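Student:
In the numbering used here, the protein residues as written are 1 to 99.
#1: Keeping to the same chain, check which residues put their C-beta closer than 7 Å to that of residue 92; ignore five residues upstream and five downstream.
#2: Within the stretch 59 to 97, note down every full alpha helix (DSSP H) run reaching 4 residues or more, in order along the chain.
#3: Quick one, which of 29, 35 and 48 has its alpha-carbon nearest residue 41's?
#4: Let's see if you can read the secondary structure: which residues bound the alpha helix (DSSP H) around residue 44?
#5: So which of 43, 4 and 65 has the shortest CA-CA distance to residue 22?
#6: By Cβ distance, which residues of its chain are closer than 6 Å to residue 12, with the 5 residues on each side in sequence left out?
#7: Mind checking residue 101: buried by the 16 CB within 10 Å criterion, or exposed?
#8: By DSSP, does residue 25 sit in helix, in strand, or in coil?
#9: Looking at the unbroken beta strand (DSSP E) that takes in residue 57, where does it start and where does it end?
If you want it as structure tokens, here you go:
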């Protein structure tokens, strides 16, 4: 299966951008990596209260299935981190590298 890359833009509730970024870095990143995802970077857009990151997966079961396994995992449930407490909106797009 070919590598799937997603460009994700999250609009974060006013005043919670830094808190979200820290929790994402401390909790989500390590578990995503454990599940075989690769994180290509993350950025804060303070002006618009947006969090932008790029994640990919290149494994036998494909991105969607592996993502479902990630969300269903006991480790993810144990985080007690509900994105809806932080995210007002999300825009997730599959992208193709040209360079």
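Beta carbons: idealized from backbone N, C-alpha and C, even for Gly.
The structure presented is a predicted model; accordingly, all values stated were derived computationally and were not measured.
Tutor: Here's the rundown:
#1: 6 and 8
#2: 62 to 72 and 74 to 78
#3: Residue 41 has its Cα closest to that of 29, out of 29, 35 and 48.
#4: Note, residue 44: premise wrong, no alpha helix (DSSP H); beta strand (DSSP E) at 38 to 45.
#5: 43
#6: 20, 49, 51 and 86
#7: The shown model of the chain, from 1 to 99, leaves out residue 101, and the question about it has no answer.
#8: helix
#9: 50 to 57
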